[in-house]
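Protein chains in written order, with the working numbering: chain A, 5 to 290; chain B, 352 to 1158.
Here the structure is laid out as structure tokens; the discussion comes afterwards.
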Amino acid sequence: MSYDYHRPRSLAEALDIAAATPGARFVAGGTDLMVQIHKRAAAPAALISLRHVAELGGIDNGARLRIGSSVTLTELQAEPAVAAGYPALIDSMRPFGSRQIRNMATLGGNLCNASPGADAAPPLLVYDAVVELRDRAGAREMALEEFFVGPGETALAPGEVMTAILLPPRAGDVRSVYLRKARVKMDVATVSVAALVEMEEGSCVRARLAAGAVAPVPKRLRDTEGLLVGSPLDDATIARVSTAAADEISPITDVRSTADYRRHLTGVLLRRALERLRAAPGEGVL
Amino acid sequence: MSKYRHVGTEAQRPEGADKLAGTARYIHDITVAGMLHGAIKFSEHAHARIVHIDTSRARALSGVRSVITADDVPEVRYGFMRDNLVLKKGKVRQFRDEVAAVAAIDPDIAREAVDLIEVEYEPLPSVFTPEEALAEGAVLIHETDAAGRPRTSNVVPLPCRHASGDLDAAKERTAHVVEGTYTVPRIQQAALGTSGCIAEFDRNGNLTITTKTQIPFLAQRDFNSILAALGLEGRNVRVVVPAVGGAFGTGLDTHAYEYISILLAWTTGKPVRILYDREQEFAYLSPRQSASMFIRQGCDAEGRFTFREVDVVQDNGAYTSWGATYPNVMLVAATSLYRVPAVRFDSRIVYTNNTYCQAMRGYGNPEITWPIESSLDDLAAAAGIDPYEMRLLNSNQPGDVTPMGLKLATCGLTECLDRTAARIDWKEARGPERRTARGVGMASLINVGGGGKIYASDGSGIILKLDDFGHVNVAYGGVEMGQGLHSALTLMVAEALGVEPENVHINETDTATSPWDVGTHASRGAFMAGNAAVMACEKLRARIFEHAEKVYPAEVERNLARLRDRGEDVSPAGFDYTSVTRDRFDLQGGRLFVVDAPDEPWLQIDLGRFLRAVHFTKEGGVGTIFTEEAFYEPPTELPDWDRGIGNMSASYTFGVQGVEVEVDVDTGEVRILRLVAVTDVGRVLSPQALRGQMYGGIAQGVGYALYEEIKTEEGRILNAGFTDYKMPSAADLDFPIELEFVETDDPYGPFGAKGAGEPGIVATAPAVGNAIFDAIGVRILDLPITPEKIIRALREKETAVAGAGGG
Ligand SMILES: Cc1cc2nc3c(=O)[nH]c(=O)nc-3n(C[C@H](O)[C@H](O)[C@H](O)COP(=O)(O)OP(=O)(O)OC[C@H]3O[C@@H](n4cnc5c(N)ncnc54)[C@H](O)[C@@H]3O)c2cc1C
């Protein structure tokens, strides 16, 4: 277990090192990657730290909310613009690891690690998040939904860095919530669900649903969310939605849970999420 | 007011400050000059023939000092049934089998070298459940026993059974019967401090091994055999125990890694350390056994037990540890929890190709209490009796001799039941008015509290040595592993000798200086240490008082002279201090005085001054220093396991836990709202240590009830680490835990105390299961009670109800 460690100060420097160092991996908080290295599940030739790359830090509340990829979860939790506009993202941070983990872990790391159960992913999916990627050739933007390719697999090209997560501004009566279940309090999600509805005159005009740990990638439930549009969020609709989701997910049985239970739990969490949104406009709740 | 000055007081734990500050020295903190690092190559199959081991690439790696396989070193057999080889020859029988080992100049090189060892295997058919292992024509895991005799089945030859009373007649008197097969999973002991040791030889071939163990003296015996194999028969083995970060039973056997570090120390001539990291601890150390337990019990129309039948099948894994004697301890509750006039108990331990198992806290008792106490609630339901009333009706009483022959000198079970019911608001919480999906349950326990005799001696020695300054050094062979033994022992020595606790110092456990002790298990540490300490302290006091006859008058004169120099006056002594006889002296708080005048400073002699006065005399010849030893052997019997009869402990600890839960019927999650534990510990010795034991045991009990399970696939552990082996953390124990202690003042216990190391974990799971049953009317027979199982059971119940309605 030995590797070179690089600590670039600028993005250009980081990208140059990456281009010149075959087998190198970027590391942000290291809470995924270092665990993999210690378990010998990863053996990079070199690590390129992103923690001191100035361009990757900071949150900028412009036309879109721009969250630097190296922003830690603790920083995110303390950001009023996030709490005000994107409460489901805050919901997802509360059960995330522990305080020590949140002090180190970054939002970019959570997405780039591409775990199907990554807690930040479902809320960002329902907020139509876009990720900004950059390599030496230039920058590109991509919908988060397309960024996830498979378990641990992303659309990142070799040597490419995620620089920021971009969230569209919030407008209208938009309500969102994130719910998750795990075996114990300190655990990755068994199943997680994010829901967003935009209500007009008691009826849902826009809906987004996403679920974690029930498919190879954090999954936007496009077919299911369609059932909500035009409905008043009544019991019948909610029941239909929570049953329909089962067809859109493909959970597996693994050491954490069974496919059957994950399917069941997805329905329960969706029902509870929608009931909360009906009851508490704009309130993010755990 | 308590009759004791120190016993029962809130004293600080003597080792606490160093543990908090990080200055206590665990095996991980110890290095020895010139030390090498060992690493082990483990099997990659559950059952396979070893065709060839190629170590050439490992040997060629720079920094490697030794690579060994079974071909390079003498054969060393070990284990409770001597069915295990330190390095495997011929075949592997489980994924944790040790096939080769490396010593290198740093741990990374050692691990890298291990990866370079290539082993060619020829897989063999395997069995992963006792059913498979017992099936006709099943592959034999061991073709021969340790003596080379052919074996014909996978049953481990360790009979343990019991039959008492007239079962047929009892069944005839029975009005209600329930039965069921309950299972418990393999779980991890999960001590915070992982395993490790350092072995080193001196140039005379004497071995010193610093190791995390609970059995320094049985380990010494075990390691003698490896010296013999190395041609060092008769050389000395010294076992030193460093600070231990929890063991929970993992230290009750010697382990291959210890023998391997000895072998590597021998082949290299250097000290060799082997440390396990967390993943290795999970994968390559033995977990607690899984077991399947059939129970049938009945009662008469009033709810009195008429009979109990139990059949235990325990998955041993591929080799045998002390843990295979769980049924010996299961007998205690199976025969003696409540008054049961007719009992049949049978057990079978079965070899499989799973990782072999070993002991954990409670040693069979949490296992057997799970079916007994769960099915009791079913029986109460069948009989239409409140389960608490049924427990009271059948409660053991002091003076009882149980079917196993256990003599219950004291028994506070009835009081524990009453106090638990009162604290958990039993009647109200169970009443018809209760909110849906909330329920309460309780479960009782009996545990050995005065040792547990399963070895030729269940005794403990102690050596007390007073220095010239009034400090007493205690050499004891038991192990402080976080349980608070030193807290309890410090207070007991202070009490029995008459010194302040700050002046009591307990030595590091070391076979070179500590007297023999069978091991720290079976909740026996404080009980045995205390009894031995009381005996030794009495001897020491007698000698002090004998010498005081000579020294006291002159020392009082010195006091007087000093006072006169200062011009102070004293009131008369009221007795003749120049001729006090030994029976009138007392020692309290490190001050020697005469019972006639306990409070007069000028008539008191500081213990240190007294000791120096006796020690430094002008005459030649025989001098005096103060050292005393005692060996306490409890008045118990080694049971006859074929009949399951024998009073294996001097005292028995009783307890009851009550739990209130809320079940989320949509998700199946169980939330514990509060937990009450009332325990008859005889006497509280160190409240702080005792609370720690109870909280820790209960936390493990909650894990056993709701979360913990080692998951395997074809013998391979899938969740070797805390990422997927889930224990409750502080965040999950977010409910009040109320502790209460009943003091029955046991005649055999030191100051009346009974052992209390294990009871915390014993009754939690059935109490939780019973509360869930009360809340939602489903009973889960298989631990842990996961949300999945609850949802499945609720669905089955719904289908059954719907089916009944439709039909
Ligand atoms: C004890 C513990 C508890 C945890 N609990 C949770 C939990 O509750 N929920 C959860 O979702 N996760 C959890 N995790 C996982 C982990 O903490 C998160 O996924 C975290 O957000 C990862 O961020 P990081 O900065 O530490 O990533 P790192 O480990 O630094 O990186 C992760 C991966 O992303 C790549 N990477 C990082 N940043 C970039 C970038 N800017 N551009 C390109 N590639 C990049 C790295 O190369 C690596 O492959 C837990 C981990 C631990 C150890």
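We put the beta carbon where it would ideally sit given N, CA and C, even for glycine.
Around the CB of Asp-728 of chain B, 16 or more other CB atoms lie within 10 Å, so the residue is classed as buried. Interface flag for Ser-477 of chain B against chain A is unset, since no Cβ pair is found closer than 8 Å. Ligand 1 has no heavy atom closer than 7 Å to the beta-carbon of Thr-25 of chain A.
Within its own chain, the residues whose Cβ lies closer than 8 Å to the Cβ of Arg-276 of chain A, once the five positions on either side in sequence are excluded, are Leu-183, listed in chain order.
Here Asn-555 of chain B is exposed. Its C-beta has fewer than 16 other C-beta atoms within 10 Å. At least one CB of chain A lies nearer than 8 Å to the CB of Thr-1018 of chain B. Contact between Gly-1052 of chain B and Ala-1126 of chain B is ruled out by a C-beta separation of about 18 Å, above the 8 Å threshold. Nearest Cα to Ala-1050 of chain B within the set B:Leu-1036, B:Ser-1080, B:Arg-1034: B:Ser-1080.
In this structure, the alpha-carbon of Thr-932 of chain B lies about 30 Å from that of Gly-1103 of chain B.
Per DSSP, the unbroken alpha helix (DSSP H) holding Asn-117 of chain A starts and ends at 111-117. Not flagged as an interface residue toward chain B: Tyr-131 of chain A, since no C-beta distance is shorter than 8 Å. With contacts defined by Cβ atoms closer than 8 Å, His-872 of chain B and Ile-857 of chain B do not form a contacting pair. With fewer than 16 neighbouring CB atoms inside 10 Å of its own CB, Thr-968 of chain B falls in the exposed class. Looking at the DSSP output, Lys-185 of chain A shares a beta bridge with A:Val-195. DSSP places Phe-1124 of chain B in the helix class (H, G or I) of the three-state scheme. Under the three-state reduction of DSSP output, Leu-954 of chain B falls in the helix class. Ligand 1 has no heavy atom closer than 7 Å to the beta-carbon of Phe-1124 of chain B.
When CB distances to chain A are screened at a threshold of 7 Å, the residues of the region 1052-1066 of chain B falling below it are Tyr-1058, Lys-1062, in chain order. Nearest CB-CB separation between Lys-392 of chain B and chain A: not below the 8 Å threshold. Ranked by Cα distance from Ala-58 of chain A, the options A:Leu-15, A:Glu-205, A:Arg-70, A:Phe-100 are led by A:Leu-15. Taking a beta-carbon distance threshold of 8 Å, Pro-692 of chain B does not count as an interface residue toward chain A. Per DSSP, the unbroken alpha helix (DSSP H) holding Glu-897 of chain B starts and ends at 876-916. Remark: three or more beta-carbon pairs, one from each stretch, lie closer than 8 Å, so the region 355-363 of chain B and the region 1038-1045 of chain B are flagged as touching.
Rounded to whole angstroms, the Cβ separation of Arg-447 of chain B and His-398 of chain B is 13 Å, and the two are not in contact under 8 Å.
For Ser-576 of chain B, the uninterrupted alpha helix (DSSP H) run begins and ends at 567-580, by DSSP.
Remark: the C-beta of Thr-78 of chain A is outside contact range of ligand 1, defined as less than 7 Å to any heavy atom. 8 Å or more divides the Cβ of Asp-64 of chain A from the Cβ of Asn-117 of chain A.
Straight through space, the alpha carbons of Leu-840 of chain B and His-56 of chain A are spaced by roughly 54 Å. Take Asp-227 of chain A, set aside five residues on each side of it, and the residues of its chain with a beta-carbon closer than 8 Å to its own are Ala-248, Asp-251, Glu-252, in chain order. In the structure shown, the three-state DSSP call for Leu-1145 of chain B is helix. Taking 8 Å as the threshold, the shortest C-beta distance from Glu-630 of chain B to chain A falls below it. When distances are taken from the beta-carbon of Gly-154 of chain A to the heavy atoms of ligand 1, even the shortest one reaches 7 Å or more. When secondary structure is reduced to three states using DSSP, Val-1119 of chain B falls in the helix class. DSSP places Leu-213 of chain A inside the beta strand (DSSP E), whose first and last residues are 207-216.
Below the 9 Å Cβ cutoff, chain A contributes Ser-261, Thr-262, Asp-264, Tyr-265, His-268 as neighbours of Glu-1139 of chain B, in chain order.
When only Cα atoms are considered, Ala-542 of chain B and Ala-598 of chain B end up about 6 Å apart.
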